[in-house]
Amino acid sequence: MTNNDAPKDTPEKVSPLQNLRVLDLAWVVAGPVIGRALADFGATVLRVESSKRIETARMMGPFPEGKLDPQKSALFENCNAGKWGLTLDLSREEGRAVIRDLVRDWADVVIESFSPGQMRDWNLGYDHLRELKPDLIMLSTSLMGQSGPWSSFAGFGNVGAAISGFQAIVGWPDLPPTGPYGPYTDFVGPRFGLVSLLAAVDHRRRTGEGCWLDVAQAEAGIQFQAPYVARCAVTGEIVAPNGNRDAQMAPHGVFACEAVAPNDEGWVAIAVRSDREWQRFAHLIGGAALANDTRFATLDNRKNNEDALDALVQAWTENQTPLAVEKALQAIGVPAHNVASSADMVADPQLQARQHFIALPHVLMGKTHIENARYQLSKTPAAPPRPAPHFHRDDEFVLKHFAGYDAAKIAELTAAGILN
Amino acid sequence: YRVLDLSDERGLLAGHMFAQLGADVIQIEPLAGSSARAVGPFADDAPAGDNSFFWSTYAAGKRDLACDLTSEAGRQLLKRLIQSADFLIESADAQQRIDWDITPAATAALNPALIHVSITAFGSAGPKADYAASDLTIWAAGGPLLPSRDSTRSPLRISAPQSWLNAAADAAGGALIAHFARVQNGRGQHVDVSAQQAAALCTMSASLAVPVGHPDYSIPGLAAEKKKSKDGKKDLDLSGSGSRTRRSKWQVKDGMVEMHIGIGPAGGRFTNNLFQWLASENACDADIANWDFITVPQRILANEITEADMERARNNVASFFARFTKNELLEQAMTRRFLCAPIATTQDLLDSKQLNAREFFTTVTEASGATRTLPGNFAAVVIKDGATNGASRGFVALTPAPTLGQHTDGILRDWLALNDSDIDQLRTQGAIA
């Protein structure tokens, strides 16, 4: 398959994953983000979805002008840029037959995120697909994993964040927890999913052997709390939400600043990591008197007097803008940063230097906006070759060139309403 | 594969992931020990230096070499190790990279096939490359901090630091992508990871609100309430996963559960299932039992359902749920198909029926004699026929986190084929301890 890979003339210009063909049946965030990363670096990723049962990400914003339109969701665009699209009704057997053809004749890798058991019920499970393609690599990502008594437990990522322990550890000590922003394990799961998938591709390269990977988003999330789980196993101590405070740093928090447009509010994050940093910080905000104040001289003392400490910092920040505080503290080597909104991120010179926001031409919107890869590869940079598919954009091309169907077969599928 | 890991607490996880996949990962520490050994939480059952649960977790699976990179002999030794490595992972500041002579240009000159991974807060170049940074300030810069709140108080981070872990996990992914370029052309390259950009993935693409032109975008919460009072418009969350408010937390017999009362096309059908259960137990008001939560948004907009009505529905749920335990509600959610989950504490994770059935945790005994319970493989793997449970081919069993310099001699023999007298000489020179 060379449809999107022009011949490369120099060895430097290789696209890392240019020979990898990925059938992406995943939806929302946790699964699609894996395929997005593969497409960024040259894989041919075919995303299959139904236009009848519209996937959740298409219903979530942000949207241009704030108007809900399943063909214009920025979340969807961001998770699916670079992919080819096939609009297919998997609730029909004829639709599932197309998947089997693509697996047998085209795909190296299948990614899916249906409820555990759904693929098997459709005769699309690993055991079935492996008969069509013995060295297939299939990655299934789900909340709880493919096995175990709770494997059928379904839900959006917020319940994933609850069951994996994150809801309990964001909040203030004197109030019930608030939980993290959004479906947090959806953001963690794909990072592990990508690594396990690429390791499997390398394993197949060396041994010829495929496999089925079972990535549980809840388990991925727990990897990110592992030190606290290890502590709990020894001491029984659980993580209690502690505002923005930190056992090893003080002051450590988010402080209100002068409100700035367009946010109508202003916040700055500050973390003083050591006694030496405290000395510089204290001189800046309170002069020698504060730097010599024994209540704050050591971390232990600052932790013991943290309410008073935070009040001093708050009094210092509240009449300044977040960016002014950030600048003043960075000048003395103390971690501080404006708490960024979308507008702030667009204006951030660092994100500009990294080309974090990318605009791509889009047939329906004129332009679509996505975020860049989180890593820059010096010789083979990320290059999403096309925006995310809208319904039917690539149906004919994909069926002809990927599945090898002739015009009559495509017409038959169209007439039968399978391409929906 | 050989992985040389020079990272500290900012990158420790990436090498740990490689180790779980079976790579030979060498953690290089200064003679005084890695700063990651001083990152909490801490244990009482092991001596200082070996009592960090952070180290126990993310250094597990690695071998350890203590090397003095402030000495010329130490840097020469590092050069030889770099020449025989497939991957180099570091989380150094720009000045450290220069001091240790491991700028990407220098390592590429030593070993053109090397994949050199840098994990930094903002990326290794650019106007903020030298910014002082911490977990909290990265979370602020990358976007997920601002919307994480539901009161007039400040935005909140996660009380277990996340920024560097997200970046380090991405580093492993970026390194493997670069590896596939190397498979084709034999060339290594520099993989430059930005923790700020890694954090941006945790905004659910809210970061794109301004680029796409969605005015006042937010998932409902404080900002939305403020807006409502300004223009009097009703603000509806149709996402089905709008999880951020304490409104979605319910007190039950033994703790709390998470459940967003979803309305509209995405979440409404699950709420219908929930209220069917309440109705069957006479636990909700008669009119509410007849609502179709898929169409509730339209009825709110038409003023047929008021905020007071919604509050009645919430109160029905609250008094009903108070009769059950977390796990009872989980079982009901699975049977009746509504979206409710226990808000698990750290202890609940260890006790989880699901995680234990999948043999997720593994226990290792460290050199100090302390035992550590750690998460196991980050994916379950089935290669051929057979049970998925516990199957772990492709992954290797975790070895405990190393003590300082625990494997120095063995590593020098394996990687550089040094003999005892070579090693003694390095010791005399002060390159190793």
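As you go down the protein sequences, you meet chains A and B in turn.
Under our numbering, the first residue of the first sequence is numbered 94, with each subsequent residue one higher.
Under our numbering, the first residue of the second sequence is numbered 347, with each subsequent residue one higher.
Glycine is no exception: its CB is placed at the ideal position from the N, C-alpha and C atoms.
Between the CA atoms of residue j and residue i - distance to the nearest angstrom
i, j, result
"GLN622 of chain B", "LEU685 of chain B", "14 angstroms"
"ALA467 of chain B", "ARG467 of chain A", "11 angstroms"
"ASP370 of chain B", "THR414 of chain A", "49 angstroms"
"ILE640 of chain B", "ILE646 of chain B", "12 angstroms"
"PHE450 of chain A", "PRO501 of chain B", "24 angstroms"
"ILE230 of chain A", "GLY286 of chain A", "12 angstroms"
"GLU674 of chain B", "SER398 of chain B", "36 angstroms"
"TYR347 of chain B", "GLY534 of chain B", "14 angstroms"
"ASN337 of chain A", "ALA763 of chain B", "49 angstroms"
"HIS296 of chain A", "GLU302 of chain A", "7 angstroms"
"ASP357 of chain A", "CYS350 of chain A", "11 angstroms"
"ILE503 of chain A", "ALA150 of chain A", "28 angstroms"
"GLY586 of chain B", "HIS525 of chain B", "Its pLDDT being 41, under 50, GLY586 of chain B is placed unreliably in this model, and the value from its coordinates should be taken loosely. Those two C-alpha atoms are separated by around 39 angstroms."
"ALA777 of chain B", "LEU758 of chain B", "12 angstroms"
"LEU168 of chain A", "ASP194 of chain A", "30 angstroms"
"PHE490 of chain A", "GLU505 of chain A", "15 angstroms"
"GLN316 of chain A", "TYR277 of chain A", "13 angstroms"
"ALA455 of chain B", "PHE364 of chain B", "24 angstroms"
"VAL463 of chain B", "ALA544 of chain B", "15 angstroms"
"ALA509 of chain A", "ASP499 of chain A", "16 angstroms"
"ASP52 of chain A", "CYS172 of chain A", "Because residue 52 of chain A is not part of the residues shown, which for chain A are 94 to 513, the question remains open."
"TRP360 of chain A", "ARG140 of chain A", "40 angstroms"
"MET656 of chain B", "PRO125 of chain A", "34 angstroms"
"LEU291 of chain A", "ARG284 of chain A", "11 angstroms"
Distance between beta carbons of residue j and residue i, contact taken as under 8 angstroms
i, j, result
"ARG395 of chain A", "ALA340 of chain A", "Their Cβ separation, rounded to whole angstroms, is 12 angstroms, which puts ARG395 of chain A and ALA340 of chain A out of contact at 8 angstroms."
"ASN216 of chain A", "ARG189 of chain A", "7 angstroms"
"ALA481 of chain A", "LYS145 of chain A", "The Cβ separation is near 19 angstroms, so there is no contact."
"LEU367 of chain B", "PHE741 of chain B", "6 angstroms"
"ALA625 of chain B", "ALA635 of chain B", "4 angstroms"
"ALA654 of chain B", "VAL288 of chain A", "With a Cβ gap of about 50 angstroms, ALA654 of chain B and VAL288 of chain A do not count as contacting."
"GLU370 of chain A", "VAL427 of chain A", "5 angstroms"
"LEU512 of chain A", "THR300 of chain A", "Not confirmed; about 38 angstroms, so no contact."
Which listed residue (the options) has its alpha carbon closest to that of residue i
i, options, result
"GLU325 of chain A", "B:THR403, B:LEU491, B:ILE646 and B:THR498", "The question names Glu, but residue 325 of chain A is Cys in the sequence shown. CYS325 of chain A has its Cα closest to that of B:THR403, out of B:THR403, B:LEU491, B:ILE646 and B:THR498."
"ALA452 of chain A", "A:ALA200, A:ARG479 and A:HIS485", "A:ARG479"
"PRO721 of chain B", "B:GLY407, B:ASP768, B:SER430 and B:MET656", "B:GLY407"
"PRO306 of chain A", "B:VAL727, B:VAL598 and B:LEU744", "The sequence given here places Leu at residue 306 of chain A; Pro does not occur at that position. Here the closest residue by C-alpha is B:VAL727."
"GLU464 of chain A", "A:GLY314, A:LEU457, A:ALA476 and A:GLY218", "A:ALA476"
"ALA417 of chain A", "A:VAL203, A:VAL353 and A:ASN337", "A:VAL353"
"TRP409 of chain A", "A:VAL122, A:ILE256, A:SER166 and A:VAL347", "A:VAL347"
"ALA513 of chain B", "B:LEU456, B:ALA747, B:SER353 and B:GLN700", "B:SER353"
"PHE433 of chain B", "B:ASP396, B:GLN373, B:ALA648 and B:TYR477", "B:GLN373"
"GLY210 of chain A", "A:GLU158, A:PRO454, A:ALA501 and A:PHE246", "A:PHE246"
"GLY253 of chain A", "A:VAL281, A:PRO242 and A:ASP228", "A:VAL281"
"ASP403 of chain A", "A:GLU148, A:GLY459, A:HIS462 and A:VAL365", "A:VAL365"
"ARG718 of chain B", "B:ASP390, B:LEU359 and B:LEU377", "B:ASP390"
"SER714 of chain B", "B:PRO393, B:VAL349 and B:PHE388", "B:PRO393"
"TRP199 of chain A", "A:THR137, A:ARG185, A:PRO355 and A:MET438", "A:THR137"
"GLY241 of chain A", "B:ASP351, B:LEU554, B:THR617 and B:GLN700", "B:GLN700"
"ALA679 of chain B", "B:ALA632, B:PHE616, B:ASP631 and B:TRP637", "B:PHE616"
"ASP182 of chain A", "A:GLU148, A:ALA436, A:PHE156 and A:THR461", "A:GLU148"
heavy atom of the ligand MN below 7 angstroms from residue i C-beta
i, result
"GLN543 of chain B", "The ligand MN is not part of this structure, which contains no ligands at all."
According to a CB-to-CB cut-off of less than 9 angstroms, which residues of the stretch 284-308 of chain A neighbour chain B? Of all residues in the stretch 284-308 of chain A, those with a C-beta nearer than 9 angstroms to a C-beta of chain B are ARG284, PHE285, GLY286, LEU287, VAL288, SER289, LEU290, LEU291, ALA292, ALA293, VAL294, ASP295, HIS296, ARG298, GLU302, GLY303, CYS304, TRP305, LEU306, ASP307 and VAL308, reading in chain order.
Three-pair Cβ contact test at 8 angstroms for the stretch 682-692 of chain B versus the stretch 592-612 of chain B: Contact holds: three or more Cβ-Cβ distances are below 8 angstroms.
Three or more C-beta pairs closer than 8 angstroms, one from the stretch 106-113 of chain A and one from the stretch 123-136 of chain A: is that the case here? The stretch 106-113 of chain A and the stretch 123-136 of chain A touch, with no fewer than 3 CB-CB distances between them shorter than 8 angstroms.
With contact counted as at least three CB pairs below 8 angstroms, one residue from each stretch, are the stretch 226-235 of chain A and the stretch 657-677 of chain B in contact? When Cβ pairs closer than 8 angstroms are counted between the two stretches, the stretch 226-235 of chain A is seen not to touch the stretch 657-677 of chain B, the count staying below three.
Taking 8 angstroms as the cut-off, does the stretch 416-426 of chain B touch the stretch 439-451 of chain B (at least 3 CB pairs, one atom from each stretch)? Between the stretch 439-451 of chain B and the stretch 416-426 of chain B there are three or more inter-stretch CB-CB distances shorter than 8 angstroms, so the stretches are counted as touching.
How do the stretch 538-550 of chain B and the stretch 376-395 of chain A stand: do at least 3 beta-carbon pairs fall below 8 angstroms, yes or no? Taking a contact to require three or more Cβ pairs closer than 8 angstroms, the stretch 538-550 of chain B and the stretch 376-395 of chain A do not qualify as touching.
Mind checking the stretch 137-161 of chain A against chain B and listing, in chain order, the residues whose C-beta falls within less than 7 angstroms of any C-beta there? From the stretch 137-161 of chain A, only THR149, MET152, MET153, GLY154, PRO155, PHE156, PRO157, GLU158 and GLY159 have a Cβ closer than 7 angstroms to chain B.
Can you find at least 3 beta carbon pairs, one from the stretch 318-334 of chain A and one from the stretch 502-516 of chain B, that sit closer than 8 angstroms? Three or more beta-carbon pairs drawn from the stretch 318-334 of chain A and the stretch 502-516 of chain B are found closer than 8 angstroms, and the two stretches are therefore classed as touching.
Chain A contacts made by the stretch 679-691 of chain B, where a contact means CB separation under 8 angstroms: Look at the stretch 679-691 of chain B: the residues with a C-beta under 8 angstroms from a C-beta of chain A are ALA679, MET680, ARG683, LEU685, CYS686, ALA687, PRO688, ILE689, ALA690 and THR691.
With 9 angstroms as the C-beta to C-beta threshold (strictly closer), list the residues of the stretch 521-536 of chain B near chain A in chain order. Per Cβ criterion, the list reads ALA521, LEU522, ILE523, ALA524, HIS525, PHE526, ALA527, ARG528, VAL529, GLN530, ASN531, GLY532, ARG533, GLY534, GLN535 and HIS536.
Segment contact, 8 angstroms Cβ cut-off, at least three pairs: the stretch 518-531 of chain B with the stretch 260-276 of chain A: By the Cβ test, the stretch 518-531 of chain B is not in contact with the stretch 260-276 of chain A, since fewer than three Cβ pairs between them sit closer than 8 angstroms.
Within the chosen definition, does the stretch 431-441 of chain B reach the stretch 411-421 of chain B through at least 3 CB pairs nearer than 8 angstroms? The stretch 431-441 of chain B, when compared against the stretch 411-421 of chain B, does not touch it at the 8 angstroms Cβ threshold.
The stretch 324-337 of chain A: which residues have C-beta closer than 8 angstroms to a C-beta of chain B, in chain order? Hits within the stretch, in order: ARG324, CYS325, ALA326, VAL327, THR328, GLY329, GLU330, ILE331, VAL332, ALA333, PRO334, ASN335, GLY336 and ASN337.
Short-range partners of chain A found in the stretch 484-500 of chain B, where Cβ spacing is below 8 angstroms: Interface annotation for the stretch 484-500 of chain B against chain A: ILE484, TRP485, ALA486, ALA487, GLY488, GLY489, PRO490, LEU491, LEU492, PRO493, SER494, ARG495, ASP496, SER497, ARG499 and SER500, criterion Cβ-Cβ distance under 8 angstroms.
When you check each C-beta in the stretch 716-727 of chain B against every C-beta of chain A, which residues fall closer than 7 angstroms? Within the stretch 716-727 of chain B, the residues whose Cβ lies closer than 7 angstroms to some Cβ of chain A are ARG718, THR719, LEU720, PRO721, PHE724, ALA725, ALA726 and VAL727, listed in chain order.
Between the stretch 250-264 of chain A and chain B, which residues of the former have CB atoms less than 8 angstroms from a CB of the latter, in chain order? Listed by position along the chain: GLY250, ASN251, VAL252, GLY253, ALA254, ALA255, ILE256, SER257, GLY258, PHE259, GLN260, ALA261, ILE262, VAL263 and GLY264.
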